[in-house]
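Here is the structure we will look at, set down as structure tokens.
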Amino acid sequence: MIYCKYCMSEMDDDSRFCARCGRDQSRAEPIHHLKAGSSLIGRYIVGSSLGEGGFGITYIGRDNLYDTKVAIKEYYPAGYANRDTLASTVSYGNTTDRVDYFKSGKARFLREAKTLAKFSGEPGIVSVQNFFEANNTAYLVMELLEGYTLKAYLKKQGRLTPEQALELLMPVMESLKKVHAVGLIHRDISPDNIMITRKGVKLLDFGAARNVSAQANKSLSIMLKPGYAPEEQYRSRGEQGPWTDVYALCATIYKCITGKTPVDSTQRVFEDELKRPSELGIDVTPQFEDALMKGLAVFSRNRIQNIDELIKAFTKEPEEPEVPIVPEEPEETEAPGDSETQLMTENKNNAADSDEPKYEEDPGETVYQESSGYEEDPGETVYQESSGYEEDPGETIYQENPGYEVDPGYTEYQGDPYQIKVNENLNEEKDETTSLALVIFGIIAAVGALILLLSLAM
Numbered sequence: 000m001i002y003c004k005y006c007m008s009e010m011d012d013d014s015r016f017c018a019r020c021g022r023d024q025s026r027a028e029p030i031h032h033l034k035a036g037s038s039l040i041g042r043y044i045v046g047s048s049l050g051e052g053g054f055g056i057t058y059i060g061r062d063n064l065y066d067t068k069v070a071i072k073e074y075y076p077a078g079y080a081n082r083d084t085l086a087s088t089v090s091y092g093n094t095t096d097r098v099d100y101f102k103s104g105k106a107r108f109l110r111e112a113k114t115l116a117k118f119s120g121e122p123g124i125v126s127v128q129n130f131f132e133a134n135n136t137a138y139l140v141m142e143l144l145e146g147y148t149l150k151a152y153l154k155k156q157g158r159l160t161p162e163q164a165l166e167l168l169m170p171v172m173e174s175l176k177k178v179h180a181v182g183l184i185h186r187d188i189s190p191d192n193i194m195i196t197r198k199g200v201k202l203l204d205f206g207a208a209r210n211v212s213a214q215a216n217k218s219l220s221i222m223l224k225p226g227y228a229p230e231e232q233y234r235s236r237g238e239q240g241p242w243t244d245v246y247a248l249c250a251t252i253y254k255c256i257t258g259k260t261p262v263d264s265t266q267r268v269f270e271d272e273l274k275r276p277s278e279l280g281i282d283v284t285p286q287f288e289d290a291l292m293k294g295l296a297v298f299s300r301n302r303i304q305n306i307d308e309l310i311k312a313f314t315k316e317p318e319e320p321e322v323p324i325v326p327e328e329p330e331e332t333e334a335p336g337d338s339e340t341q342l343m344t345e346n347k348n349n350a351a352d353s354d355e356p357k358y359e360e361d362p363g364e365t366v367y368q369e370s371s372g373y374e375e376d377p378g379e380t381v382y383q384e385s386s387g388y389e390e391d392p393g394e395t396i397y398q399e400n401p402g403y404e405v406d407p408g409y410t411e412y413q414g415d416p417y418q419i420k421v422n423e424n425l426n427e428e429k430d431e432t433t434s435l436a437l438v439i440f441g442i443i444a445a446v447g448a449l450i451l452l453l454s455l456a457m
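Okay, structure coming up:
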């Protein structure tokens, strides 16, 4: 049976082009790749390469046992491995350093493949179906995912909102949290290694041998993606851990919502010019932005340390400011039909809202108030009781009014007794003075008359 090396569909023996994908089968492949149609352990057929990284090559393949398409990853560290094209066997030199490097990397590749196989049911991680040694190297068989990489998706669809990015990558974060719990880290999270499929979003290409490969300066530039790798990955003795994946994951989210690759961490060490999303005009909540930037902290000591903390930082409810409890003022009781009391109460409330000094009133004091806009009779003086004061129905309120009719039973004010006595004494003295003046005037008149008579007699 012949299969298309690009889509692994069945073909006629003499066909040059695939009836399903239409691709030319005569197209040459890179010489260091496994030849299309090669068989592995009598079960898998190898097709064309799907991608190549610093430590391995991934091929499309077919599982003859289950008659399904698969992805096959071959351990092939760039710069250290070579291939005998006639026998498909991988060689790695004979110097002690090269031999030790290759063998230790292969052992780690298989060890971590075994660990990853335990997470085949996780929705956010590509499932590992098998792993084995052949051709003097190691292989990892995974489910074949059909879809788009996140990089291709963003190029086609454009930026995502912060909410969309978080929802899209949450399955990856949840699954990655479980992988970290067993001591395994990815070390190469980026939009290239996240696949969007009909089955959901999957994280691809775990860097099984990356911890070993990172020690080699020769392959360092191939292993790391500028903008997504934190500064500790550039140092030969940089301490790596879950915080390393936190940085790369947050860099991926930054790319999703801004459309820009973050400034490389090696540049940020000397001068951090990474702009916050809000500075780029992105509509983002302060809570989301703070979580993102803490995940992108240059140095690991300042960074969110694990995926669990990152999820909590992104999803926690924003804290609402405490509002002091102010006791409600009791409602004032208004006497039915007492319009003057109601008017005075409104004025009192208005005065309470003003900036004028407040004074405490004696509850028993009679307060005089003028209503705003209330026109009083110029000749009328109005006296009103304080708010809420109920007047005695039989009480007479004093008012000065030219037309006021006095109650017949009303007793007028008689004045101060002392002042009345003084006035009486003054009146008596006035009467005595008048009487004396009259007596003197009579005497003078009599004397005048006597003189006149004497004059006439002479």
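Be aware that the sequence shown starts at 0, since it is given in numbering that gives the first Met the number 0, and climbs by one per residue. Backbone N, C-alpha and C define an ideal beta-carbon position, used for all residues, glycine too. Every value quoted in this text rests on a predicted model; they were computed, and no experiment measured them.
Buried/exposed call for residue i, threshold 16 Cβ in 10 Å
i: aspartate 469; result: The structure shown does not extend to residue 469, since the chain spans only 0 to 457, so no value can be given for it.
i: threonine 314; result: exposed
i: methionine 0; result: exposed
i: alanine 86; result: exposed
i: arginine 107; result: buried
i: threonine 257; result: buried
i: phenylalanine 269; result: exposed
i: glutamate 411; result: Because glutamate 411 sits at a pLDDT of 44, beneath the cut-off of 50, its placement in the model cannot be relied upon, and the following sentence gives the value as read from the coordinates. Counting Cβ neighbours within 10 Å, glutamate 411 comes out exposed, since fewer than 16 surround it.
i: leucine 453; result: exposed
i: cysteine 470; result: A query on residue 470 cannot be resolved here, the shown segment of the chain reaching from 0 to 457 and no further.
i: serine 299; result: buried
i: serine 264; result: buried
i: tyrosine 43; result: buried
i: leucine 451; result: exposed
i: isoleucine 59; result: buried
i: threonine 136; result: buried
i: arginine 61; result: buried
i: glutamate 132; result: exposed
i: valine 211; result: Confidence at valine 211 is low in this model, with a pLDDT of 37, below 50, so its placement is unreliable and the value that follows should be read with caution. The residue is buried, with at least 16 neighbouring Cβ atoms inside 10 Å.
i: threonine 95; result: exposed
i: alanine 18; result: exposed
i: isoleucine 30; result: exposed
i: glutamine 458; result: Outside the shown range of the chain (0 to 457) lies residue 458, about which nothing can therefore be said.
Alpha helix (DSSP H) segment containing residue i, residue limits
i: lysine 201; result: That residue, lysine 201, is in no alpha helix (DSSP H); its beta strand (DSSP E) goes 199 to 202.
i: methionine 169; result: 161 to 180
i: methionine 292; result: 285 to 294
i: isoleucine 281; result: It is not in any alpha helix (DSSP H) - isoleucine 281 carries neither H nor E in the DSSP assignment.
i: isoleucine 310; result: 306 to 314
i: serine 189; result: Unbroken run through serine 189: none, as it is neither H nor E.
i: lysine 105; result: 95 to 116
i: serine 264; result: 264 to 267
Contact under 8 Å by Cβ, residue i with residue j
i: glutamine 128; j: valine 140; result: yes
i: alanine 70; j: glutamate 142; result: yes
i: alanine 296; j: leucine 309; result: no
i: lysine 68; j: tyrosine 138; result: no
i: leucine 202; j: valine 125; result: yes
i: arginine 158; j: cysteine 255; result: yes
i: aspartate 99; j: serine 90; result: no
i: glycine 294; j: isoleucine 281; result: no
i: proline 190; j: leucine 153; result: yes
i: glycine 123; j: arginine 197; result: no
i: threonine 57; j: serine 48; result: yes
i: leucine 183; j: threonine 114; result: yes
i: proline 229; j: histidine 179; result: no
i: phenylalanine 101; j: tyrosine 65; result: no
i: valine 53; j: alanine 35; result: A quick correction: the sequence has glycine, not valine, at residue 53. No; because the gap between Cβ atoms is not below 8 Å, this pair is not in contact.
i: proline 161; j: glycine 199; result: no
i: isoleucine 188; j: threonine 260; result: no
Residues that residue i bridges to, as DSSP identifies them
i: glutamate 142; result: Val69
i: serine 90; result: Asn81
i: phenylalanine 16; result: Asp23
i: methionine 194; result: Thr148, Lys201
i: methionine 10; result: Ile1
i: alanine 137; result: Glu132
i: isoleucine 497; result: Here the chain comprises residues numbered 0 to 457, so residue 497 is not present and cannot be evaluated.
i: isoleucine 124; result: Leu202
N-terminal and C-terminal residue of the beta strand (DSSP E) that residue i is part of
i: glutamate 132; result: 127 to 133
>> If we require 3 or more residues per run, which beta strand (DSSP E) segments fall completely within the stretch 27 to 56?
In response: Runs found: 43 to 51.
> In the stretch 214 to 260, which residue ranges form an unbroken beta strand (DSSP E) of at least 3 residues, counting only runs that do not cross its ends?
Replying inline: none
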